[in-house]
Amino acid sequence: GAGVSQTPSNKVTEKGKYVELRCDPISGHTALYWYRQSLGQGPEFLIYFQGTGAADDSGLPNDRFFAVRPEGSVSTLKIQRTERGDSAVYLCASSLGQLDEQFFGPGTRLTVL
Amino acid sequence: GNSVTQMEGPVTLSEEAFLTINCTYTATGYPSLFWYVQYPGEGLQLLLKATKADDKGSNKGFEATYRKETTSFHLEKGSVQVSDSAVYFCAPPRQLTFGSGTQLTVLP
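Written as structure tokens, this is what we have:
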């Protein structure tokens, strides 16, 4: 079956612009996670959804970052007033339940010029 | 809080060498434990899992046994290949902090 998909695969934007990154989890997976990963580092947690609600958003670095999952399936990560330091690969993962293994998407590479 | 501690890298081995990457956990235990792998230029993927104490997970020649008596879930492979070069992450369920993982490089 289909895995986790993320769009776009690459996004180049200018400093100060707004971006939206989309994640389509595996159908039926209730848990959804957003991470970002810089070169040579492991994934850095951003936010975790259980169903439609954000169960843990403690990893969001500041109020420029926001994520939604209105129907408990697709999620969108939104970044306002992008900064060069936001450049990274943004990973999405989903799991059947919160105790199950995570399935990762291919990531969106965000470059802020 | 609950956490796992993973051996830091990098680890460099010659082809056909034996591999152990240590992983220990705190807390009273987890219902399951996972090893994830990230090959160069790719996303993370599940390598293997153990779903209960004393359970052994295995895949691609890798094995790990969930041992409650030593609170460990060490990853082992008897004979590594160049294609095993990757970053390996040990994680419990709902892992939110992966750390930097263990970078393995296998030389021909």
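Chains as they are written, first to last, in our numbering: chain A, 506 to 618; chain B, -16 to 91. Glycine included, every Cβ here is placed at the ideal spot set by N, Cα and C.
Using a Cβ-Cβ cutoff of less than 8 Å, which residues in the same chain neighbour residue i once the five nearest sequence positions on both sides are dropped?
i, result
"B:LEU90", "THR(-5), LEU(-4), SER(-3), GLU(-2) and VAL65"
Comparing alpha-carbon positions, which option in the options lies nearest residue i?
i, options, result
"A:ALA507", "A:ASN515, A:ILE531 and A:TYR523", "A:ILE531"
"B:CYS6", "B:SER68, B:THR88, B:CYS73 and B:THR34", "B:CYS73"
"A:GLN585", "A:GLU519, A:SER563 and A:TYR523", "A:TYR523"
"B:LYS32", "B:PHE45, B:SER83, B:GLY44 and B:TRP18", "B:TRP18"
"B:PHE1", "B:PRO(-7), B:VAL(-13), B:THR(-12) and B:GLY44", "B:GLY44"
Could you have a look at residue i and say whether DSSP puts it in helix, strand or coil?
i, result
"B:SER66", "helix"
"A:GLY472", "Outside the shown range of chain A, which is 506 to 618, sits residue 472 of chain A, and nothing can be said about it."
"B:LYS51", "coil"
"B:TYR13", "coil"
"B:LYS35", "coil"
"A:VAL509", "coil"
"B:GLN21", "strand"
"A:GLN603", "coil"
Would you list the one or two residues that DSSP bridges to residue i?
i, result
"A:LYS520", "According to DSSP, which records beta bridges pairwise, A:LYS520 is partnered with nothing at all."
"B:SER41", "B:GLU46"
"A:GLY579", "Reading off the sequence shown, one finds Val at residue 579 of chain A, where the question assumed Gly. Answer is none; A:VAL579 lacks a bridge partner."
"A:GLY558", "A:GLN555"
"A:ALA572", "A:LEU582"
Which residues in the same chain have their Cβ closer than 6 Å to the Cβ of residue i, if we skip the five residues on either side of it in sequence?
i, result
"B:MET(-10)", "ILE4, ASN5 and THR85"
"A:ASP529", "SER510 and VAL579"
"A:TYR538", "TYR553 and ALA598"
"A:ASP688", "Outside the shown range of chain A (506 to 618) lies residue 688 of chain A, about which nothing can therefore be said."
"A:GLN607", "ALA598 and SER600"
"A:THR581", "GLU525, ARG527 and VAL573"
(request) Report yes or no: do the stretch 26 to 37 of chain B and the stretch 604 to 615 of chain A share at least 3 C-beta pairs separated by less than 8 Å? (result) yes
(message) Could you check whether the stretch 33 to 49 of chain B touches the stretch 75 to 83 of chain B, counting it as contact only if at least three pairs of C-beta atoms, one from each stretch, sit closer than 8 Å?
(response) no
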